[in-house]
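Taking it in order: structure first as structure tokens, then the write-up.
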Amino acid sequence: MVEPESLIQYPIDFPIKIVGLNEEGFEAAITQVLRTHAPDFDLTSIQVRESRAGKYLSISATITARSRTQLDALYTELTRHPLVRVVL
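With the sequence shown counted from 1, adding 12 to any position gets you this note's numbering.
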């Protein structure tokens, strides 16, 4: 099977948003996952917002993506986290 050509040219600054339950440890857990898959990740790129009712947190960050494989692994780990509801 031939892989289709990627429309993304790597490396690229890649924004990512993670929405999850507003529970203790959520932000730290997501930061650790981001650091695992993007070791040069800049913590100052993180923006955290609480939902109006306070039930959810959205974490936005920008990583330097170096390959499709890296992004796939990152998205897989994030979506499997028990507190994560959506990854965009």
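Beta carbons are placed, not taken as given, at the ideal position from N, Cα and C, and that holds for glycine.
Secondary structure of Asp52 (DSSP, three-state): coil.
Spanning the alpha carbons of Ile20 and Ile42 requires a straight line of approximately 24 Å. In terms of Cβ geometry, Thr74 and Asp54 form a close pair [threshold 9 Å].
Within its own chain, the residues whose Cβ lies closer than 6 Å to the Cβ of Ile71, once the five positions on either side in sequence are excluded, are Ile30, Ile42, Val60, listed in chain order.
Going by C-alpha positions, Glu36 is about 32 Å away from Ser79.
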